[in-house]
Amino acid sequence: MNAPTMADLAAKGEKPEVLFWVGCAGSFDDRAKRVTKAFVKILNAVGTRFAVLGNEETCTGDPARRAGNEFLFQMQAMNNIQVLNAYDVKKIVTACPHCFNTLKNEYPDLGGTYEVIHHSTFLQQLINEGKIKLTGGGSFKGKKITYHDSCYLGRANNIYEAPREVLQALDADLVEMKKCRTTGLCCGAGGAQMFKEPEKGNQDINIARTEDALSTGATTIAVACPFCMTMMTDGVKNKEKESSVQVKDLAELIADAQGL
Amino acid sequence: MALLQQILFLISLGVAGFFIRKRVLQIRSTIALGKKMTLTGSSQARIQNVLLVAFGQRKMFKKWIPAVLHFFIYAGFLIINLEVLEFIIDGIAGTHRIFAPYLGGFYNFLMNFFELLAVAVLVACVAFLIRRNVLNIARFHSAEMKNWPRLDANLILTIEIVLMGAIFTMNATDQILQTRTDHYTPTGTLFFSSFLMPAFEGLGTSALAVIERFAWWFHILGILGFTVYVTYSKHLHIFLAFVNTYVAKLEAKGHINNMPVVTNEVKSMLGLTSAPAAPAEPGRFGAKDINDLSQANLIAAYACTECGRCTSECPANLTGKKLSPRKIMMDTRDRLEEVGRSIAAGGPGLNDGKSLLGDYITKEEINACTSCNACVEACPVLINPLEIILEMRRYVAMEESGSPAQWNSMFQNIETSFAPWKFSPSDRFNWSKD
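If you read the protein sequences in the order shown, they are chains P and R.
Under the numbering used here, the first residue of the first sequence carries the number 766, and numbering increases by one thereafter.
Under the numbering used here, the first residue of the second sequence carries the number 116, and numbering increases by one thereafter.
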């Protein structure tokens, strides 16, 4: 698939408009890789001049920082900033809210200042600019979709509307969970919880959140974060609803609707 | 007799002032134990937070029933204090309703307005007692809301009801006395307290005078005593909430504070600085005890009124984990008070062999946090329990290497494979080849 690296472009003396920061989940997790590919298809279809770092990309350090290992976070951050600054990167888009938050809010403290944009906002802009045209009456028309807010997009960065506007463009019937936007319930993976078993309790958080989503009667749970994707997919499986309810990232929904 | 009352009043003021001053100084000195805070961003944005969030109660109105009731008490507190000014002048000068002759009809309006507010306060306090004790509202019955915190909440509401009762008693008896002797300055009809007049009309003039004076003394001594009590109580939020909204973080909620000490070390390890790194600060990485937290965190602990909106939104708490963001704030304050008391008594203070992490807050609690910011979003006065949790995780990870085993594996994966999972870094770009 056409995904040029920064190194390829630099060798030709070129610079992309935007760097697509893929993230570890988007690079290694099989489910999240499908989101990465869907987003790349969209970028190619609309003709955005983008590039990725390929093997030069490394973990932003987000889970290390949130688990308390500041040394490891800063080692990762400094190394990444050196790479990004060496390529003179100005604008970054990413499909991972955790990478987004770290790059946008935390790298500036360490000398890495970029215009960082999450793919939900990026997709919304493409729709608004008419670069993505969704003809009404597509396959989502009248179908119930609920959107699960990612904490790192929503409360952490006040991005609540962009993902919803993307979904509305699909002409679907967007139904909200009782806890949404500022009071959206976490999927349970943030703060490095993705990488360990939960503490003792009476329920797993992703099950509680899946129950919220299923109770809307939606047949599609839209997410905008690879960790939410894992947690909600596991939740739907736990409830044995995987044949009737799908968990999809915004980029996948757009790519599907575009027939990409 | 009048002179004796004036002397007693001055003594009361002096005693209350002494205890209030002592407590204010002690609270200030315990907050000073924290790390100096650096207030980033514009002071204009901070003032805006004070005006909108503290004065304007903006975040309270997310839950409108308690918001309206709370607003009654809040407005009552701010405005009825004008009447307390008259109490104090009367008490010192030995006068009675000193403003009445000067303000005339406006005095009648003011007193009626104060009575209206007092009724609102009374209604709100009764409603709050019912909400807290009769209705089954989960956040008032969590594990940390037993014993003192529960008693404290009920005491505050009861004291406020009794204080309002004293105002009505005083005004009712005063109005009867106005008809019997010309010693009592006419106030005009005071609407709400006039309903109580029939209860007192059968009494003799001297008995009424005693009741009126008793109610006056009860109200003013009650207020002075309550002010001292407030400094020991969660009710301290009436002052510290304003301070807290000023010092609260302005950055996006997703931002975690940088550790410049670590930056210096990492830079020198990577050879990014020519000069040797500045000598590391004597002190710890992260927070084990209150002196490792910033002064802003400690102000927040005193600003917390234990409403529990944070805990009722916390995904970990909602699914039965031990973590409760409210308890994090309550524990921080309890530890501050413990250290403060010890220092004031010439004791060991911070070196008492105890610490916030371990003796108050457990690793199980801080490990359960998803850093989702639901608690931060929920707090009506911009308290940030997440900052304290993350500082403690830093201590555990960097000073104790005591993080959960799976996190240690994740750290190792990032160190060796540059991803939190154990994949070969050379496979990172394989997705493009499928």
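For glycine and all other residues, C-beta sits at the position ideal for the given N, C-alpha and C.
- Across the structure, residue 882 (chain P) and residue 159 (chain R) are spaced so that their CA atoms are roughly 27 Å apart.
- In the three-state reduction of the DSSP assignment, residue 802 (chain P) falls in the helix class.
- For the options R:354, R:470, R:343, the alpha carbon positioned closest to that of residue 408 (chain R) is the one of R:470.
- Looking at the DSSP output, residue 940 (chain P) bridges to P:911.
- Shown here, residue 880 (chain P) sits in a strand according to DSSP, grouped into three states.
- With respect to residue 518 (chain R), residue 832 (chain P) sits close: the two C-beta atoms are nearer than 8 Å.
- Under the rule that a run must span 4 or more residues, the alpha helix (DSSP H) segments found entirely inside the segment 777 to 839 of chain P read 788 to 793, 795 to 811, 827 to 831.
- Taking a Cβ-Cβ threshold of 8 Å, none of the residues of chain R is close to residue 882 (chain P); the smallest such distance is about 14 Å.
- Cβ-Cβ separation between residue 837 (chain P) and residue 259 (chain R): approximately 33 Å, too far for a contact (criterion under 8 Å).
- Contact annotation: the segment 173 to 192 of chain R touches the segment 490 to 501 of chain R, with at least three C-beta pairs closer than 8 Å.
- At a cut-off of 8 Å between beta-carbon atoms, residue 363 (chain R) makes no contact with chain P.
- In this structure, residue 425 (chain R) and residue 490 (chain R) form a Cβ contact; the two beta carbons are roughly 4 Å apart against a cut-off of 8 Å.
- Distance from the CA of residue 137 (chain R) to the CA of residue 313 (chain R), rounded to the nearest whole angstrom, comes to 44 Å.
- For chain P, the residues of the segment 473 to 488 of chain R that bring a beta carbon within less than 7 Å of one of its beta carbons are 479, 482, 483, 484, 485, 486, 487, 488, in chain order.
- Against chain R, a Cβ distance below 7 Å from residue 960 (chain P) picks out 521, 522, 525, 535.
- Put simply, the CB of residue 430 (chain R) is near chain P, with a gap under 8 Å to one of its CB atoms.
- If you check each beta-carbon in the segment 809 to 834 of chain P against every beta-carbon of chain R, the ones closer than 8 Å belong to 817, 819, 820, 822, 823, 824, 826, 828, 829, 830, 831, 832, 833, 834.
- Interface annotation, residue 871 (chain P): in contact with chain R, CB-CB separation under 8 Å.
- Listed along the chain, the chain R residues whose CB falls inside 9 Å of the CB of residue 973 (chain P) are 430, 433, 434.
- Burial check for residue 125 (chain R): the Cβ neighbour count within 10 Å stays below 16, so the residue is exposed.
- Using a Cβ-Cβ cut-off of 8 Å, residue 226 (chain R) does not count as an interface residue toward chain P, since no Cβ of chain P sits closer than that to its own.
- Cβ contact annotation for residue 791 (chain P) (same chain, cutoff 7 Å, sequence separation greater than five): 797, 798, 800, 801, 860, 861, 991, in chain order.
- According to the DSSP secondary-structure assignment, residue 985 (chain P) is paired through a beta bridge with P:910, P:1011.
- With a contact defined as Cβ atoms closer than 8 Å, residue 288 (chain R) and residue 326 (chain R) qualify at about 5 Å.
- Look at residue 373 (chain R): its C-beta is under 8 Å from a C-beta on chain P.
- Cβ atoms of residue 282 (chain R) and residue 233 (chain R) come within 8 Å of each other, at about 5 Å.
- Cβ atoms of residue 440 (chain R) and residue 349 (chain R) stay farther apart than 8 Å, at about 15 Å.
- For the segment 258 to 343 of chain R, the continuous alpha helix (DSSP H) assignments of 4+ residues that do not extend past its boundaries occur at 262 to 295, 306 to 309, 312 to 315, in sequence order.
- Assignment of residue 770 (chain P) by DSSP, reduced to helix, strand and coil, places it in the strand class.
- For residue 516 (chain R), the secondary structure class from DSSP, reduced to helix, strand or coil, is coil.
- Note on the segment 185 to 245 of chain R: there is no whole beta strand (DSSP E) run with a minimum of 3 residues.
- For the C-beta of residue 182 (chain R), not a single chain P residue is nearer than 8 Å; the gap to the nearest is close to 15 Å.
- For residue 916 (chain P), the chain R residues whose Cβ falls inside 8 Å of its Cβ are 485, 486, 487, 488, 489, in order along the chain.
- Listed by position along chain R, the residues whose Cβ is nearer than 9 Å to that of residue 947 (chain P) are 177, 489, 492, 493.
- Taking 8 Å as the cut-off, the beta carbon of residue 918 (chain P) is found no closer than this to the beta carbon of residue 1018 (chain P).
- Contact of residue 322 (chain R) with chain P is not assigned, every C-beta pair being separated by 8 Å or more.
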